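Those protein sequence lines, which keep their order, are chains C and A.
For what it's worth, our numbering labels the leading residue of the first sequence as 31, then goes sequentially.
For what it's worth, our numbering labels the leading residue of the second sequence as 653, then goes sequentially.
Just so you know, even glycine gets a beta-carbon here, dropped at the ideal spot from N, CA and C.
These figures come from a predicted structure and were not determined experimentally.
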Amino acid sequence: MPYSKNNVYRDYFVRRFGIPVDIMDNYEFYESTSGVWAFSGAKDIDLSKLDAEVVGIRALRVSKALKPTTAFLRVVGHYATKNVVQLNSEQALEALNGIDIEGVCGSLHGYVIIRTEHDVLGCGVCREGTLISQIPKKYRPDKTWL
Amino acid sequence: MKLEEYRDIIPNFEAFLEAMQKPQPYWIRVNTLKISEEKLISRLRAKGFRFDKFEGMNAYRIVSMPVKHPGATIEHSMGYYYVQDLASMIPAYVLNPRPGDKVLDMAAAPGSKTTLMAQLMENRGTIVANDTRPNRLRALGSNIERLGITNTVLTKGDARTKKFVIYFDKILLDAPCSGEGVFRKNPKDKMPGLREHLYLSNLQKALLKNAWRHLKERGTLVYSTCTFNPLENEEVVSYAVDKLNMEILKVEFDVPHCKGVARWRDREYEHVHEYVMRIYPHLLDTGGMFIALLKK
Ligand SMILES: C[S@@+](CC[C@H](N)C(=O)[O-])C[C@H]1O[C@@H](n2cnc3c(N)ncnc32)[C@H](O)[C@@H]1O
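1. With distance defined between alpha-carbon atoms, name the residue in C:N113, C:H148, C:T160 and C:W175 nearest to V44 (chain C).
2. Might you give, ordered along the chain, the residues of its own chain that have their beta carbon closer than 7 Å to the beta carbon of I943 (chain A), omitting 5 neighbours on each side?
3. Please classify H148 (chain C): is it buried, with 16 or more other beta-carbons within 10 angstroms of its beta-carbon, or exposed?
4. Any beta carbon from chain C within less than 8 Å of T807 (chain A)'s own beta carbon?
5. So, with DSSP's three-state summary, where would you put D783 (chain A)?
6. What whole-angstrom Cβ distance do E884 (chain A) and H849 (chain A) have, given they're in contact under 8 Å?
7. Is P171 (chain C) close to chain A? Criterion is C-beta to C-beta, closer than 8 Å.
8. Which value, in whole angstroms, describes the spacing of the CA atoms of A760 (chain A) and I796 (chain A)?
9. Could you give the distance in angstroms between the alpha-carbon of R915 (chain A) and the alpha-carbon of I53 (chain C)?
10. Mind checking which residues open and close the beta strand (DSSP E) that includes R713 (chain A)?
11. Name the chain A residues that come within less than 8 Å of R104 (chain C), Cβ to Cβ?
12. Would you mind stating whether L852 (chain A) and C829 (chain A) have Cβ atoms separated by less than 8 Å?
13. Could you confirm whether any beta carbon from chain A is found closer than 8 Å to the beta carbon of V85 (chain C)?
14. Give me the chain C residues within the contact set of F816 (chain A), using Cβ-Cβ distance strictly less than 8 Å, ordered along the chain.
15. Verify the contact flag: I687 (chain A), CB atom, against every heavy atom of ligand 2, threshold strictly below 7 Å.
16. Going by DSSP, which residues form a beta bridge with R35 (chain C)?
17. Assuming contact is defined by CB atoms lying nearer than 8 Å, are G86 (chain C) and A72 (chain C) in contact in what I supplied?
18. At a CB distance below 8 Å, what residues from the stretch 759-778 of chain A approach chain C? Give them in sequence order.
19. Among A:Q673, A:K822, A:K686 and A:K842, which one has its Cα closest to the Cα of G831 (chain A)?
20. Would you kindly report the start and end of the unbroken alpha helix (DSSP H) that includes E666 (chain A)?
21. Give the DSSP-derived three-state secondary structure of F47 (chain C) in the structure shown.
22. How would you list, in chain order, the residues of chain A whose beta-carbon sits under 9 Å from the beta-carbon of G159 (chain C)?
23. Among the residues of its own chain, which have a CB less than 7 Å from the CB of H909 (chain A), if the five just before and after it don't count?
24. Under 7 Å: does the beta carbon of M758 (chain A) sit that close to some heavy atom of ligand 1?
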C-alpha cells in the first residue's frame, strides 16, 4: 500500500482535543487509501521503498469529516484537555457495548474522547446531547469477561 | 516416543518428560506503554486473579484466575497486557533494543516479541516487522493496534530473499521451526520427523543469511527457536559462525537454563555450545526456547 507523509493531521489532534504540540510532535502522519496513520519511528526511513503494509497505527479515517480512531485515542487521549466526555464505570460499560448515553455531552458537539477516571475508552460522537459510542465492535466485552 | 531421542542431550530428562506431559501455565507481561505494572496487577487482583511475579522481570505467572482464558478481561482488550510465555520474552531482552535503534523482526507474527521490543524501545526508534502469512500478519496488526504500538512498520515477504532497503542495528530472527517446545501448549500437534528438521534447518540458514546481509557492521542478531532439535539450533548457529564469519557472543540472562549441545549424531558444535542458551520446560515451568546471540 503506498503511504505518503502529510503532517497537517497533527494539527487536528491539537485543535480538536487540546493535545500538547510536543506530544503530537512524536508522530509523523501518513496518508493511504485506508486513512491516516500515525508513526513514531525514525523520520529518515523511506517507507515507499520498504513497501510497507502498515505504518504505525491508524489515527484517522477520512470521509466527509476526519474521524479519529479509538486505537489512536487510546494512545494520546489522556493528554486531551477538551472535547472529552467523562463517564463513571457503569456508563463506561454501556459505551463499550455500543449503547447511547444521554445527558453526558453537555454543550459538546461532534467527535469526543470517552474517558473514565482511569482509562481512555476511545472515540464517541455527541449529537444533541447524546453520546453515541464509536468504539469498534471488536473491543466490545463478551458477557463472560470480567 | 519421539522425545526419547533427546535423552542424552537434555539434562534431568525424566523431569523434562514429566513437564512435557503437564499443561503449561499462563504468563502475562504488562504493557508499560499504557499502564504501570503496579496499577494493572492490582486491578486484576481485585478481579480475582492471583499471580506469581518473576523477580526482576515484567513477567507474571497466573496462579489462578476467575475466567476461562487469561485474555477474557476489559484490561486485555484495552491493551494493558499481553499473554506471553516467560521463555518467549527472553530473546527480546537478549537483543536488548534501545529507543533509537533500527530493528528488524524477520518472522514476527503474531508479534509477541515485536510488541515487547517496542515496549523496551519506549515506542521510539523503528521496528520493521515482517512475516509471509497474510492471516498471521493481520493478527500482528491487531496486536500492534491493541497495544498502542506506533514505532513499527509491517511488511509482507519471504524473509529469505526480501530486500528490507535499510541496514539495521539489531535483528531478531525468531525462526519458523518444528515447535517441539510448545507441544505442552498444543499437545495435538504432530511430532516432526527428520525430514522436517532438515528442511527447516535449511530454511533457517537461508533466513539467517539474509539477516546477515541487512545487519550493520558490528550489529547484533538474536537467533531463537522454540524447538529442541540441534539441527534447527546449534547447526544453524554453527553455519553463521563458519560460513558467514559471524562472531558468537555469550547469551547472558539471569534465568535457569542449560548450555547448548556439543555433539549431535555425526555433527559437532563444540565451538558454539558454551555460548547459547537452552530453556527447557522443567526448569521454570515454561515452554522450550533456544537463544543465540551473534555479531557481524
Ligand atoms: C516462531 S513464529 C514467530 C513468532 C513471533 N516471533 C512471536 O514472537 O510472536 C515463525 C513465523 O515465521 C513465519 N515465516 C515462515 N516462513 C517465513 C519466511 N520465509 N519469511 C518470513 N517469515 C516466515 C511464519 O509465518 C511464522 O509466523
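From the atom records:
1. C:N113
2. I742, P743, V746, V874, S876, V903, V928 and M929
3. exposed
4. yes
5. strand
6. 6 Å
7. yes
8. 11 Å
9. 54 Å
10. Y712 to S716
11. K686, M730, G731 and G800
12. yes
13. yes
14. L80
15. As presented, the structure is devoid of ligand 2, carrying ligand 1 as its sole ligands.
16. For the record, residue 35 (chain C) in the displayed sequence is Lys; it is not Arg. Paired residues: C:Y60.
17. no
18. N775, R776, G777 and T778
19. A:K842
20. F665 to Q673
21. helix
22. Going along chain A, no residue has its Cβ under 9 Å from G159 (chain C), so there is no contact; the nearest lies around 27 Å.
23. M929, R930, I931 and L935
24. yes
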